[in-house]
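The structure under discussion appears below in the form of structure tokens.
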Amino acid sequence: MADLLRLENVSKVYSHGIINAHSTIALRNFSLTLKEDEPTILTVAGESGSGKTTLAMLLLGFITASAGQIIYRGKNIASLHGAEKMAYRREVQAVFQDPFAVFNPFYTVDHLLTVPIKRFGLAKSKADARNKMEEALTAVGLRPEDILGRFPHQLSGGQRQRINVARALLLKPRLLIADEPVSMVDASLRATILETLRNLQRDHGVSVIYITHDLTTAYHIAKSIIVLYRGSVMEAGDVDRVIKEPQHPYTQLLVDSIPWPNLDQRWGAQPIKAREVGGNTDGCRFRTRCPMAMEICKQDPPLFRIDERHAASCFLYEKRPEIAKAQLSELLPV
Amino acid sequence: MNTILVQDPARPVEAVRLRAVGDGGPILRVNNLEVTYYTDSGRAKALDDVSFTLNSGEKLGMVGESGSGKSTLALAMMRMIKAPGRIEGGSVVVGGGDLMTLDAESMRKARLSRIAYIPQGAMNSLNPVTRIGAQMVDAVKSHLPREGRAAIEARCKRALQSVDLDPGVYRMYAHELSGGMKQRVCIAIGILLDPHVIIADEPTSALDVVTQRQVMETIDNVQKAINAAVILIGHDMGLMAQFVDKVAVMYAGRLVEVSTVREMFTDPKHPYSQALISSLPSLGNKGVFQGIPGLAPSLLRLPSGCAFHPRCASAMPHCTTIRPEPQVLPGGRRVTCHLYDGEA
Ligand SMILES: Nc1ncnc2c1ncn2[C@@H]1O[C@H](COP(=O)(O)OP(=O)(O)OP(=O)(O)O)[C@@H](O)[C@H]1O
Ligand SMILES: Nc1ncnc2c1ncn2[C@@H]1O[C@H](COP(=O)(O)OP(=O)(O)O)[C@@H](O)[C@H]1O
Ligand code: SF4
Ligand code: SF4
Ligand SMILES: [Mg+2]
Ligand SMILES: [Mg+2]
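Heads up: the sequence lines are chains A and Y, in that order. Heads up: the first sequence begins at 1 in the working numbering, then just goes up one per residue. Heads up: the second sequence begins at 1001 in the working numbering, then just goes up one per residue.
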């Protein structure tokens, strides 16, 4: 079975400053495989700064890996050219986090949507292009007649965010990278957009990497989850197991901080230990905030297998069998 | 301003503020506020007859579909609506005076000092090439003509401290801060002059749950310290359940329900509120995406009668022709729906 996408020990290091350069490891030794004929929805979760957007940028080829390689349909994405590169650009689409950042204020919504249609030759005629735009806008709950012709500042936050989703849908991708696609829409629309993503996976064979800090939606849409903290995998596995029975102290903090819409389930029994600027660069990355930290945590914790579909990178589980980080994907149900 | 400020030099931002508001009534009264956007394709009434009140120290959640007018309401209260939008009527009374009657200069002074606004996406609007401290000083120096540079700086650093930021942030640039830190800087700017009312438009929707909890705890603390009224605009009903005292629901530019948070979650009255509450996720209903059927109405062509009628499961014949007006139910809840005609 062919692989759609394979990340092999990918790391990304950002260095700041020229002299006395100190650097941030935004992603560390990350491996992942998505199969071509098993479309899935995988969540990558973690707090801000955990490396989620870095992962998205790497997958899109916007930045290059500092180590390791990213293979798309058998080819290293760093070496794609011509038609192959064009195909990759169309087949891997993204919906970005911040609807306020990506819009050029001088172009109307129409422009934003016609550019990709023209660029990838998706429509046979003007009327066909118009139809495709209207179809995509309707799929995300927008009224084309209200939206087309408008400038970004004339739209609400949620409207802009949905236009991003519509743009990605237009291109009928193989892989959709959705970086916080529903953070600014209401519960009802959130349901609509997530449903759209799920249909994309179920009916159109598109794999979705759903990047989020919102474990509630992750739980509802995804099959599997990878929890990142400061560039390292903390816990991974079946989304049900990880969210209902988090094993890693960091995941436990995340789950404890979910504001459930339930008056009798108050959030945040666990006090938050603030993250220090920078933080330790060796051993368990969560060490300085971890209520369970031990002496041994000054070493790098490997991944320990909790069960068939669940692993945690934490010494609390050192009696369990170890699993190589490169084998992570084997744990994840599709 | 009718305020007495009891300054404790050690903890000045947490100064106890005694507010003499005359009758001891609400600190904020919004009455019949109306806003229209004059677009090329027609007139869109983005706010229609919006009224509500808020007491000092009270926290109101403002929810509603994307495009329902929440940010417009915030901008209108700040008198920051820009063309093609226009405030067509209504009043916003903060601690006694109506903001709508102020001249431009007095309104400029009222912003931050009487009413502060933390816009949607605020953290992206920090200037990338100016240090945080300089941006804070800029925001307030014209409000404080009698305060020296050093005093203003001290005030800014105290504000940073009150949102749990290291005073070192004062000398940093926006790109050196995480999202949560930037958002807390925006909150610090918002509270620099101890406003009576703070409006925060989706302050945490771009932040992870842990940072979100920290930011909300921060807002809670500063709000208590200065006894301000807070309006939290947002979509996250979970956050509302954890944070606010009252919930107001907007639909197509109108307030359709105002209830206490407990009433809203246990016994929502308006059919739209009911649909909203039942679309909420929980651990028990995995994979059920219960959105509200139908599209949000176009403000350019609102349905006749009740604007919610095409999507309403409880609609009655007269809902398509007669527009419901807000009514106060026994117990003080406000609902705009024909189902409760005669109960008020
Ligand atoms: N400058 C403008 N010109 C024309 N129409 C506008 C303008 N600003 C907002 N609108 C329209 O007014 C309506 C209300 O917008 P507003 O930004 O208040 O929504 P919102 O409730 O804050 O939504 P969200 O939750 O998505 O932020 C929307 O239909 C929007 O498209
Ligand atoms: N262009 C950049 N230059 C330097 N550091 C960066 C850059 N982009 C991200 N980082 C750093 O890399 C880490 C991961 O960031 P990011 O991938 O944006 O996280 P997330 O999307 O999970 O919030 C953070 O410490 C961030 O400050
Ligand atoms: S490895 Fe140690 S410090 Fe890290 S999460 Fe586990 S117990 Fe805590
Ligand atoms: S007035 Fe009628 S249509 Fe409108 S919400 Fe009430 S029952 Fe539904
Ligand atoms: Mg990000
Ligand atoms: Mg808004």
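Quick reminder that beta carbons are idealized off the backbone N, C-alpha and C, glycines included. What you are looking at is a predicted structure, and each value in this text was computed from that prediction instead of being measured.
The count of Cβ pairs closer than 8 Å, one atom from the region 1230-1249 of chain Y and one from the region 1053-1070 of chain Y, reaches three, so the stretches are in contact. Shown here for Y:E1325: same chain residues with a beta carbon closer than 7 Å to its own, the five before and five after excluded, namely T1336 in chain order. At a C-beta separation below 7 Å, Y:L1239 has these neighbours in chain A: P259.
In this chain, the alpha helix (DSSP H) harbouring A:K132 covers K126 to A139. Taking one beta carbon from each stretch, the region 222-232 of chain A and the region 21-35 of chain A have 3 or more pairs nearer than 8 Å; the two touch. Residue side-chain check: Y:C1306 places its Cβ nearer than 7 Å to a non-hydrogen atom of ligand 4. Taking the CA atoms as reference points, Y:A1313 sits about 11 Å from Y:H1270. Closest in alpha carbon position to A:T192, among A:G158, A:R174 and A:V115, is A:G158. A:F304 is bridged by DSSP to A:A312 and A:E322. Counting C-beta pairs closer than 8 Å gives fewer than three between the region 250-266 of chain A and the region 58-72 of chain A, which falls short of the contact rule. Put simply, the CB of A:S48 is near chain Y, with a gap under 8 Å to one of its CB atoms. Membership of A:G68 in the beta strand (DSSP E) is indicated by the continuous run A67 to Y72. A direct Cα-Cα distance of roughly 10 Å separates Y:G1179 from Y:Q1212. Residue contact with chain A for Y:D1236: present (Cβ-Cβ distance below 8 Å to some residue of chain A). Of all residues in the region 1050-1074 of chain Y, those with a C-beta nearer than 9 Å to a C-beta of chain A are V1063, G1064, E1065, S1066, G1067, S1068, G1069, K1070, S1071 and T1072, reading in chain order.
Beta-bridge partners of Y:N1031 (DSSP): Y:S1091. By the Cβ-count criterion, A:V115 is exposed, with fewer than 16 other Cβ atoms from all chains shown falling within 10 Å of its own Cβ. Straight-line spacing of the CA atoms in Y:V1030 and A:P291 works out to 47 Å. Proximity of the beta carbon of Y:A1275 to ligand 4 is not indicated: no heavy atom of the ligand is located closer than 7 Å.
Within chain A, the C-beta atoms nearer than 9 Å to that of Y:S1282 come from T216, W260, P261 and N262, in chain order. Membership of Y:Y1251 in the beta strand (DSSP E) is indicated by the continuous run K1246 to Y1251. Y:P1271 has its CB nearer than 7 Å to a heavy atom of ligand 4.
Using a Cβ-Cβ distance cut-off of 8 Å, the region 1033-1044 of chain Y and the region 1088-1105 of chain Y are in contact, since at least three pairs of beta carbons, one from each stretch, lie closer than that value.
Collapsing the DSSP output to three states places Y:V1129 in coil.
In terms of beta-carbon proximity, A:Y107 stays away from the interface with chain Y, with every pair separated by 8 Å or more. Taking C-beta separations shorter than 7 Å and ignoring five residues to either side along the sequence, the partners of A:A293 in its chain run R287, following chain order.
Contact residues of the region 1170-1193 of chain Y toward chain A are S1178, G1179 and G1180 (C-beta to C-beta distance below 8 Å).
Taking a Cβ-Cβ threshold of 8 Å, the residues of chain Y close to A:K244 are L1283, in chain order. Taking non-hydrogen atoms of ligand 3 into account, the C-beta of A:R28 is found less than 7 Å away from none of them.
Only those residues of the region 195-221 of chain A whose C-beta falls short of 9 Å from the nearest C-beta of chain Y are listed: E195, R198, T212, H213, D214, L215, T216, T217, Y219, H220 and I221.
Taking the CA atoms as reference points, A:A326 sits about 31 Å from A:T196.
Using beta-carbon distances, A:L254 counts as an interface residue toward chain Y, with a partner under 8 Å.
At the C-beta level, Y:S1068 and Y:G1253 come within 8 Å of one another. Taking A:I117 as the centre and dropping the five residues before and after it, the same chain places the C-beta of A123, A129, K132 and L170 closer than 7 Å to its C-beta, in chain order. Annotation: Y:S1282 to Y:I1191 spans about 35 Å, alpha carbon to alpha carbon. Selection Y:Q1223, Y:G1095 and Y:E1202 evaluated against Y:P1026 yields Y:G1095 as nearest (Cα-Cα).
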